[in-house]
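Here you go:
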């Protein structure tokens with residue numbers, strides 16, 4: 016069997032890219048020839064770990080090339096961006112033209128820019144066709160499955176399988192030495208809050224930056240994943256974060272690999288999660304398994320023990336951070352570690368069955 020994973024690949028070591036990396040490793044271990052067609056952030060960089068994509072024409076050529084070499088398509092997308100669903104539909108159509116329907120993993124929670132149906136707007140037909148044409152759809156949980164089934168007519172609920180994205184593989188890491196900037200920043204500080212943020216819409220940067228500008232407590236913040244602004248609306252926050260860094264309020268760093276992220280997480284007092292579209296984020300579950308208290312935006316699907324705040328209210332965020340700092344030992348002591356299964360094995364088996 017040959018499978019082509021179509022999606023992002025690390026770096027950055029977050030979200031789908033980590034899942035796709037684990038899927039590739041898992042397939043190879045079972046004897047399946049698995050490759051990744053990288054359409055994520057660093058897709059133009061050539062690597063032995065994935066197939067690079069230089070432009071739109073290159074994407075089309077490589078889709079046809081690998082499909083006619085016998086590779087089954089497993090496509091990854093969500094309803095949080097415009098480009099991803101279009102690329103997904105192109106792959107779906109090429110797969111159908113070559114005589115086979117592709118498998119799709121739909122990532123994220125039930126509140127995204129173009130999902131569920133009432134949020135779709137002009138993206139309805141693109142989203143709907145992806146869900147309709149796919150032979151198999153994997154999603155995170157039952158609420159998302161229900162919204163997929165209701166997205167439009169003729170979507171067969173039998174083909175929609177719920178397989179949580181988080182798996183035991185995420186908990187395996189080796190403690191490493193952190194970058195000198197990070198070690199120097201955390202040295203001597205009593206409380207550190209770690210937060211993964213991407214400079215794009217959906218991370219509530221307005222709330223977070225306003226909160227940091229007003230913060231006066233004895234807590235320091237590390238913002239990981241900071242890179243170039245991906246959306247014009249948030250470009251101005253890059254300079255504001257630089258100003259806060261010069262004042263010593265925060266430390267902004269690039270994406271960390273999994274070992275470094277987990278090592279840093281263990282040294283922190285709180286993990287902060289700002290998006291609401293993610294459902295149950297992998298990083299939230301990683302923090303809970305390490306008994307690190309989590310403060311996260313309220314989206315109705317946070318695990319038990321997570322302290323939630325209104326994602327549009329910087330004062331509420333400050334209140335919750337203060338509460339956790341003041342009661343950290345008691346909160347950490349009451350954390351119930353989530354039960355983590357080998358969902359990767361389940362997804363690999365499901366995909367093999369789909370294409371058998």
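In this note's numbering, the protein residues as written are 16 to 371. Yeah, the Cβ is synthetic: ideal placement off N, Cα and C, and Gly gets one too. Please read all numbers here as calculations on a predicted model, not as lab measurements.
Minimum C-alpha distance to residue i - residue among the options
i, options, result
"residue 209", "197, 350 and 215", "197"
"residue 94", "226, 128 and 179", "128"
"residue 203", "235, 280 and 164", "235"
"residue 385", "134, 238, 329 and 275", "Here the chain has residues from 16 to 371 only, and residue 385 is not among them."
"residue 53", "42, 73, 47 and 288", "73"
"residue 359", "249, 195, 182 and 212", "182"
"residue 214", "245, 192 and 231", "245"
"residue 356", "118, 102 and 184", "184"
"residue 303", "353, 344 and 261", "353"
"residue 41", "369, 362 and 87", "362"
"residue 81", "157, 22 and 110", "110"
"residue 12", "30, 138 and 247", "Any question about residue 12 goes unanswered here, given that the chain covers just 16 to 371."
"residue 103", "274, 89 and 112", "89"
"residue 249", "227, 241, 133 and 220", "220"
"residue 5", "192, 265, 280 and 343", "No statement about residue 5 is possible, as the shown extent of the chain runs from 16 to 371 and does not include it."
"residue 133", "163, 115 and 113", "163"
"residue 364", "118, 26 and 22", "118"
"residue 28", "211, 247 and 114", "211"
"residue 193", "56, 230 and 269", "269"
Contacts around residue i, its chain only, beta-carbon distance under 6 Å, and the 5 residues preceding and following it disregarded
i, result
"residue 120", "91 and 153"
"residue 206", "234, 284 and 340"
"residue 190", "278"
"residue 62", "none"
"residue 17", "48, 85 and 86"
"residue 138", "129"
"residue 22", "31, 35 and 91"
Exposure label - residue i; buried when at least 16 CB within 10 Å
i, result
"residue 84", "exposed"
"residue 45", "exposed"
"residue 155", "buried"
"residue 172", "exposed"
"residue 140", "exposed"
"residue 366", "buried"
"residue 335", "buried"
"residue 263", "exposed"
"residue 135", "buried"
"residue 160", "buried"
"residue 107", "buried"
"residue 271", "buried"
"residue 199", "exposed"
"residue 240", "buried"
"residue 13", "Residue 13 lies beyond the residue range present for the chain, which begins at 16 and ends at 371; the question has no answer from this structure."
"residue 145", "buried"
"residue 43", "exposed"
"residue 151", "buried"
"residue 243", "exposed"
"residue 36", "buried"
"residue 79", "exposed"
"residue 33", "buried"
"residue 275", "buried"
"residue 378", "Because the chain is modelled from 16 through 371, residue 378 falls outside the range shown and cannot be assessed."
Same chain, Cβ closer than 7 Å to residue i, five either side skipped, listed in chain order
i, result
"residue 39", "20, 49 and 51"
"residue 292", "95, 123, 124, 126, 127 and 217"
"residue 306", "347 and 350"
"residue 99", "92 and 93"
"residue 64", "24"
"residue 143", "166 and 167"
"residue 282", "201 and 207"
"residue 113", "82 and 83"
Same chain, Cβ closer than 8 Å to residue i, neighbours up to 5 away in sequence not counted
i, result
"residue 60", "67"
"residue 224", "252, 255, 256 and 259"
"residue 222", "289, 326, 327, 328, 329 and 332"
"residue 147", "167, 169 and 170"
"residue 296", "288, 290 and 311"
"residue 316", "124, 125, 156, 158, 294 and 295"
"residue 101", "141"
"residue 186", "301, 304 and 355"
"residue 299", "286, 288, 309, 311, 317, 318 and 321"
"residue 174", "149, 150, 151 and 152"
Which residues DSSP lists as bridging residue i, in chain order
i, result
"residue 118", "89 and 151"
"residue 48", "17"
"residue 211", "239"
"residue 177", "154"
"residue 286", "209 and 309"
"residue 324", "312"
"residue 22", "53"
"residue 222", "In the DSSP output, where bridge partners are listed per residue, residue 222 has none listed."
"residue 169", "In the DSSP output, where bridge partners are listed per residue, residue 169 has none listed."
Near the ligand ADP: residue i beta-carbon under 7 Å from a heavy atom
i, result
"residue 190", "No copy of the ligand ADP appears in this structure; indeed no ligand is present at all."
Original post:
Using 8 Å as the threshold, is the segment 312-322 in touch with the segment 174-192, meaning 3 or more CB pairs across them?
Top reply: no
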